[in-house]
Structures are given as structure tokens and as C-alpha cells.
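Heads up, the thing below is written out as C-alpha cells.
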Amino acid sequence: MDFPLELEREIFETAAEANPDVTSSLLLVSRRVHHWIEKVRYRAFAFSGNPSAPSFRLLQNAIRCKTKPPSFFHDHVRHIFLHSEAEGLLAGLDEVLTTCAELHSLAAFQDVPPSILPILGALKLRRLSLRLKPTFVEMGSGDIFAHSTFTFVTHL
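Under my numbering, think of the first position of the sequence shown as 16, with each following residue one higher.
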């Protein structure tokens, strides 16, 4: 029995979203499934110690090694969650944020360097969770919410 392609796609994407552990196996099913699932695989990245979450370092390495064109990351990476004090984790954050310009949400539970604020201001983030005070105090900003970073934020 053949399913319509739209239904096939929905089934595989739902399976990949519901069970990130099987994403690597799903990528091997066929070329069209690989094409569908790869986009889902790159949608969200975390660095939290959770082994089932796609690693933020994997994203950093993929961008640096140019395994995919920058437009791929621009079009598909939507969420980044950083919940670790791992040394050097934020070292390439500016490069990642510049490449992933269509990011919807960013959460970083550590001090973010003020150098990324212009980059954050250029993004159209809808959800943002950062340690604001240390970052913005260094800027000398009176009203931190007047910064362009918060223009599109609906969830803080």
C-alpha cells in the first residue's frame, strides 16, 4: 500500500520529533525521508547534558566545517538552548547566531558576553531567556527593554 507523500512526510517528521533518538535511523530509510528528517534534525539544538538532544557543539562544528551551505542553517535552525557552564561553549556563539539568522528562540542560562548584543538585535527572536543584568549593565543601558533585541520578543 502506498501512502500519499504528504502523509508519509507527516509520519516521518512526527516520528523524528517525538523520538529524537531514532532520527539517525530514519535518515537511512530513503533519500526523500533523509531530506525531510534532516530539516527536523536541525530545528533545535541544546547543550544541557541530555544525550538525546542534538548537541550545540554539533551545530558549531557543522557551521565551521561548512558541511552544509549557510542558507541551510539560516532556513532550518529555530531553537537553541544552552544550559551548561561548559568551558568555551559561548566562544562560537556569535558565529552560530549570525549564521542562524531565522532563530525563533534562544535560552542561555549563563552570562552572555555583551559582544553578541548587536547580533541579537539583528535577529527576530520571539522567545528569549538570558541573564540580562550582567550583560546590559556593562553596556550602561538605562532601559534594557528599549534595546533592539526585544523588538520581536513575545516570551521573555
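Beta carbons are placed, not taken as given, at the ideal position from N, Cα and C, and that holds for glycine. None of these values were measured; they are calculated from a predicted model.
Smallest Cα separation from residue i: which of the options?
i, options, result
"Lys54", "Ala161, Lys139, Ser120, Glu32", "Glu32"
"Lys81", "Ile52, Leu22, Val111, Phe62", "Val111"
"Thr114", "Arg79, Ile26, Pro85", "Pro85"
"Pro129", "Arg146, Gln75, Ala59", "Arg146"
"Tyr57", "Ile95, Glu25, Arg46, Ala30", "Ile95"
"Leu108", "Ile52, His91, Leu132", "Leu132"
Just how far apart, CA to CA, sit residue i and residue j?
i, j, result
"His50", "Arg93", "17 Å"
"Gly136", "Phe18", "44 Å"
"Thr164", "Leu140", "8 Å"
"Val44", "Arg72", "26 Å"
"Pro35", "Ile134", "29 Å"
"Lys83", "Ala77", "7 Å"
"Gln125", "Leu42", "33 Å"
"Thr166", "Glu21", "36 Å"
"Ser39", "Glu23", "17 Å"
"Val127", "Leu171", "16 Å"
"Ala30", "Met16", "20 Å"
"Asp90", "Val37", "23 Å"
Please check the pair residue i and residue j, which I expect to be a contact at CB under 8 Å, by giving their CB distance rounded to whole angstroms.
i, j, result
"His162", "Arg142", "Actually they do not touch by this definition, with Cβ atoms about 16 Å apart."
"Ala122", "Leu138", "Actually they do not touch by this definition, with Cβ atoms about 14 Å apart."
"Val48", "Phe27", "5 Å"
Can you name the start and end residues of the beta strand (DSSP E) that residue i belongs to?
i, result
"Ala59", "59 to 62"
"Ile95", "94 to 97"
"Ala77", "Segment 71 to 80 is the alpha helix (DSSP H) holding Ala77; no beta strand (DSSP E) there."
"Leu143", "142 to 144"
I'd like the span of the alpha helix (DSSP H) that includes residue i, first residue to last.
i, result
"His49", "46 to 56"
"Leu22", "20 to 33"
"Ala137", "132 to 137"
According to DSSP, simplified to helix, strand and coil, what is residue i?
i, result
"Leu108", "helix"
"Ala122", "strand"
"Leu41", "helix"
"His91", "helix"
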